[in-house]
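> Here it is, the structure, as structure tokens.
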């Protein structure tokens, strides 16, 4: 039925397909206050999701997963019954769901859902926001959804000072929808009110102890994206207690959440409050630890070393880095890791520290980095080794950059 509706089913005598008619009904004045509002919201929301996902959602807060439940059920069935279940198994692949979502977006379903929000009940609002959240899974329609008003609508959901249980669920769904929409959207295409208004809900989603790892990860990626635009967005992230809450997310058990939090924090540089945060020796210890974990979590280590490379231009941060526990081990392990991208970033940090002189320069010398740089320049200065190692043109270019950085460090510290 979902496939038929999404792909244009219509009666022989009808001039419009079912989906077009549903959109018309949802777009009528005061449609949200009508008795059909919840039904329309349910139809739109269910078309945008697979039955398998619905089962997973139903088991989300249960003590067992849907797979474990199926295994328990199969224990009491005969082989014939198992075979029959396989024949009648619901098949709704991800590709089919994506195709339906694209058709919904092209049929202006997001705009109809936005219209239905006006004057609707709590239950209808919850279903509509859930539908938007499900549609936002499909990356190709996110721009259309924003154009049709979904982002602005989700930002306006949180109005009540004492929300009911249903409203809290709706708020959570709305925040998650905002995160999905902004992970891949160019922040420069958003209005100022959309950009600034999105940051608070995203920080709340990251901080919420009931958030899943997926929703927290997507919110962090969205904050990273927004913070990359300009100083104004960085200021807003900091004003929303972003440094504290992003820092807390860096301690997540999930490595992708840790990586996303590290990238989000890195994008706050050079905000004064972020530089102040990194100037604390206790805080910078975590970044040094992450930088050393390149074997187990390369993406996170790359973000951490990149942050240290940028932030070490500030003398106070560089001093904190020089005094950090395991700085020597971090420097030597990254220089010897063989990954040119990581080597480039740590060499930039070491050069910044050398330029500051004093204790920062002494720490670079004491770490053995200068001796490494001297030998590195001797071995790779003419580029012949790059040919022997069959480097790509990009790698050859990066090798030349690292050699130049090593030369500068060796010259300054001699």
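Numbering (our numbering), first residue to last: 67 to 480. Where is the CB? At the ideal position from N, CA and C, for every residue including glycine.
1. Under a three-way DSSP split, which group does residue 222 fall into?
2. Does residue 115 come out as helix, strand or coil in the three-state DSSP assignment?
3. What is the DSSP secondary structure of residue 345, counted as helix, strand or coil?
4. Look at the Cβ atom of residue 170, then the Cβ atom of residue 183, and state whether they are nearer than 7 Å.
5. Is residue 219 closer than 7 Å to residue 180 when the C-beta atoms are compared?
6. List, from N- to C-terminal side, the alpha helix (DSSP H) runs of 4 residues or more that fit wholly inside the stretch 306-348.
7. Measure the alpha-carbon distance for residue 216 versus residue 413 and round it to whole angstroms.
8. Along the chain, where does the alpha helix (DSSP H) containing residue 294 start, and where does it finish?
9. Using a Cβ-Cβ cutoff of less than 6 Å, which residues in the same chain neighbour residue 290 once the five nearest sequence positions on both sides are dropped?
10. Assign residue 434 to one of three DSSP states: helix, strand, or coil.
11. How many whole angstroms separate the CB atoms of residue 246 and residue 202, which I take to be in contact at a CB cut-off of 8 Å?
12. Skipping 5 residues on each side, what residues in its chain have a beta carbon closer than 8 Å to that of residue 409?
13. Since residue 496 contacts residue 388 with CB under 8 Å, what's their CB separation in whole angstroms?
14. So, residue 186 versus residue 103, is the Cβ gap smaller than 7 Å?
15. Can you give me the start and stop residues for the alpha helix (DSSP H) that residue 403 sits inside?
16. If contacts are defined as beta-carbon pairs under 8 Å, then residue 236 and residue 223 qualify, I think. What distance do you get, rounded to the angstrom?
17. Give me, in chain order, the residues of the same chain whose beta-carbon lies closer than 7 Å to that of residue 433; leave out the 5 immediate sequence neighbours on both sides.
18. Between the Cα of residue 65 and the Cα atoms of 446, 262, 345 and 166, which residue gives the shortest distance?
19. Quick one: what's got a C-beta closer than 6 Å to residue 273's C-beta in the same chain, skipping five residues either side?
20. Counting along the chain, where does the alpha helix (DSSP H) carrying residue 267 start and finish?
21. Going straight from the alpha carbon of residue 89 to that of residue 362, what length do you get?
22. Less than 8 Å between the CB atoms is what I'm expecting for residue 286 and residue 326, so what's the real figure, rounded?
23. Does the beta-carbon distance from residue 199 to residue 158 come in below 7 Å?
Quick look at the numbers:
1. DSSP places residue 222 in coil when its eight states are reduced to three.
2. Here DSSP, grouped into helix, strand and coil, assigns residue 115 to coil.
3. Note: residue 345 maps to coil in three-state DSSP.
4. The answer is no: Cβ separation not under 7 Å.
5. A contact, by the Cβ cut-off of 7 Å.
6. Runs of the alpha helix (DSSP H) inside the stretch 306-348: 308-315, 321-332 and 338-344.
7. Residue 216 and residue 413 have their C-alpha atoms some 45 Å from each other.
8. It is not in any alpha helix (DSSP H) - residue 294 carries neither H nor E in the DSSP assignment.
9. Beyond the five residues adjoining it in sequence on each side, residue 290 comes within less than 6 Å, by CB distance, of 329, 330 and 333 in the same chain, given in chain order.
10. Secondary structure at residue 434: coil, using DSSP grouped into helix, strand and coil.
11. Cβ atoms of residue 246 and residue 202 come within 8 Å of each other, at about 4 Å.
12. So the list reads 400, 401, 403 and 468, once near-sequence residues are dropped.
13. The structure shown does not extend to residue 496, since the chain spans only 67 to 480, so no value can be given for it.
14. For residue 186 and residue 103, yes; Cβs fall inside 7 Å.
15. For residue 403, there is no enclosing alpha helix (DSSP H), as DSSP marks it with neither H nor E.
16. The C-beta distance from residue 236 to residue 223 rounds to 6 Å, short enough to meet the 8 Å contact threshold.
17. Spatial neighbours of residue 433 in its own chain (CB-CB distance under 7 Å, excluding positions within 5 residues in sequence) are listed in chain order as 393, 394, 397 and 398.
18. The structure shown does not extend to residue 65, since the chain spans only 67 to 480, so no value can be given for it.
19. Around residue 273: 311.
20. Taken as a continuous stretch (DSSP letters only), the alpha helix (DSSP H) holding residue 267 covers 258-273.
21. Residue 89 and residue 362 have their C-alpha atoms roughly 49 Å apart.
22. The pair is a contact, with the Cβ atoms about 4 Å apart (cut-off 8 Å).
23. Not a contact, by the Cβ cut-off of 7 Å.
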